[in-house]
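There are 4 protein chains.
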Amino acid sequence: MSDEIGSRTWAIAEGYIPGWSHGPEPALESHETCCVLNASDRDAELEIMIFFEDRPACGPYRLTVGAQRTFHLRFNDLRDPEPIPKETPFASLIRSSVRVVVQHTRLDSRQAANALMTTMAHPCD
Amino acid sequence: MSDEIGSRTWAIAEGYIPGWSHGPEPALESHETCCVLNASDRDAELEIMIFFEDRPACGPYRLTVGAQRTFHLRFNDLRDPEPIPKETPFASLIRSSVRVVVQHTRLDSRQAANALMTTMAHPCD
Amino acid sequence: MSDEIGSRTWAIAEGYIPGWSHGPEPALESHETCCVLNASDRDAELEIMIFFEDRPACGPYRLTVGAQRTFHLRFNDLRDPEPIPKETPFASLIRSSVRVVVQHTRLDSRQAANALMTTMAHPCD
Amino acid sequence: MSDEIGSRTWAIAEGYIPGWSHGPEPALESHETCCVLNASDRDAELEIMIFFEDRPACGPYRLTVGAQRTFHLRFNDLRDPEPIPKETPFASLIRSSVRVVVQHTRLDSRQAANALMTTMAHPCD
């Protein structure tokens, strides 16, 4: 039954890694996060494409989220094929080998007190 | 007609209880909340499973939301079978005996001014 | 075509009017808002029911949103049949005579800098 | 396959451009944003209608989002047929020639620390 939780394709139209931070790292470092819940009994193989305003998309970034696990990926930490530049608008498309649930969160600590925002990503299938 | 409001399975991929707070409790204590609306005429028996990044899921946590009632559950308050650790990424899956609506909210008061975020959970059936 | 924008029943499981504010009113008064877009060519007659944790639901609160208009209702401003108490968890169910789109927003200015959160309400038909 | 990502009509019931800002522009200028992801292989021609509480809708505002690109439009920047007034509740309806994904974000820096909120827009087809 848990194999039927979520979708295999998710989109996030917003994306932006703030350029600086205020407060102790890593908890209060400004970050852009893609939270994935894999409630199924099989590992989820993910491929993430990153879209920009003024150049071709890059990726896929690949990662595995274990069966019955969650993973809160910071876009800040992506390295292969290339880091995502800070202070640059982007968007993302996440494809998974099994159904998962994807949620988008940003913590912005550029000013003295941090700001937060979150939304479910948009399920595309 | 109110028995048709919402879904019986909801997922929240994001979850994190901030490690400290700033401001008067309980209103401004940092908290992670799962708000449930049961607009039906029958009590809703809920089972919540909590998923982690690096260990098996725990639960079910059980609670009842009365007919024609709402309940704003703080994940901080869950005790049985075990408290949810602070400063630890998690995700949750909520199953209900009747249709309900579930919304996820965090209040983070680690810095001098509180931050808020909310999103509808993802309906899975 | 605009008569097909949105749904006629929406639910918001989260609801809470903060107890105090910091900053100039009305813009920075703490408030809980239900934003309605009526993109249709007919007026929308709305009925809102408010649900609580420990007592029966109250309502309906009635209002009209004109054809091709938006209305950003502050729950703080509801008076008939009764005001919604502050610092009290609630939830809401909005029914409309025509299709509309409903979004939930809170501005919380209890501390020195305001916090914001928003989400689309959950469409129920 | 990427031609099937998203919808062609999206609604955002909330809209408000804060009247002032605190912090370096343009990053921390208060703004209301409509983020669009066009994951398809064709350019997306967009038409945006803006709805108000007390006067007829205005628009369409037209823009193009290239194939395989994102665009993070600040409502603040719209000029033709007319700028959107600050400190005025509005709502928006976005129609696209191809499927896209739309997300709504506000950065409010009226007080000393900025606040953020985001949600997926509501897909209408």
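Protein chains in written order, with the numbering used here: chain A, 300 to 424; chain B, 300 to 424; chain C, 300 to 424; chain D, 300 to 424. Even for Gly, the Cβ is constructed at its ideal location relative to N, Cα and C. Everything numeric in this text was worked out from a predicted model, so none of it was measured.
Pick from the options that is closest to residue i, judged by C-alpha positions
i	options	result
A:Thr369	A:Arg341, A:Pro323, A:Ile349, A:Glu328	A:Arg341
B:Pro380	B:Leu372, B:Thr363, B:Gly358, B:Phe389	B:Gly358
C:Thr332	C:Arg394, C:Pro422, C:Gln410, C:Val401	C:Val401
D:Ala356	D:His330, D:Ile393, D:Asp302	D:Ile393
C:Ala312	B:Phe350, B:Cys334, B:Trp309	B:Cys334
A:Asp353	D:His330, D:Pro325, D:Tyr360, D:Gln367	D:Gln367
B:Ser329	B:Val397, B:Asn337, B:Asp376	B:Asp376
A:Leu327	B:Arg409, B:His371, B:Thr418, B:Ala420	B:Arg409
B:Glu386	B:Ser395, B:Arg378, B:Ala338, B:Phe374	B:Phe374
B:Phe389	B:Arg378, B:Ser301, B:Ile316, B:Phe351	B:Phe351
B:Val397	B:Ala343, B:Glu324, B:Ala338	B:Ala343
A:Ser339	A:Thr363, A:Ile349, A:Gly314	A:Thr363
C:Pro345	C:Thr404, C:Ile316, C:Trp309	A small correction: the amino acid at residue 345 of chain C is Leu; Pro does not occupy that position in the sequence shown. Comparing Cα positions, the closest option is C:Trp309.
C:Ser283	C:Ala420, C:Val399, C:Tyr315, C:Pro382	It is not possible to answer for residue 283 of chain C, since the shown part of chain C is limited to 300 through 424.
C:Ile383	C:Gly314, C:Glu303, C:Ser306, C:Thr418	C:Gly314
D:Pro422	D:Ser391, D:Glu324, D:Ile316	D:Ser391
D:Leu406	D:Gly305, D:Ala420, D:Ile347, D:Glu324	D:Glu324
A:Leu372	A:Ile304, A:Arg307, A:His403, A:Ser306	A:His403
Residue i - partner residues in DSSP beta bridges
i	result
A:Asp407	A:Ala414
A:Asn375	A:Asn375 is not bridged to any residue.
A:Ala390	A:Phe350
D:Ser396	None, per the DSSP bridge assignment.
D:Trp309	D:Ile393, D:Pro422
Min CB distance residue i to chain D below 8 Å
i	result
C:Cys334	yes
A:Phe389	yes
is_contact[residue i, chain C] using C-beta, thresh 8 Å
i	result
D:Ala411	yes
B:Thr308	no
Cutoff 8 Å: residue i Cβ touching any chain A Cβ
i	result
B:Leu327	no
B:His421	yes
B:Glu331	no
C:Thr418	yes
D:Ile347	no
B:Arg398	no
D:Gly322	yes
B:Arg361	no
B:Asp342	no
Minimum Cβ-Cβ distance from residue i to chain B less than 8 Å
i	result
C:Ala356	yes
A:Leu415	yes
A:Phe370	yes
C:Leu392	yes
A:Ile304	yes
Three-state secondary structure (DSSP) of residue i
i	result
B:Glu303	helix
D:Leu327	coil
A:Ile383	coil
B:Gln367	coil
A:Ala420	coil
D:Arg341	coil
C:Pro355	coil
D:Tyr360	strand
- If you pair each beta-carbon of the region 319-334 of chain A with each one of the region 403-423 of chain A, do three or more pairs fall below 8 Å? The region 319-334 of chain A is in contact with the region 403-423 of chain A.
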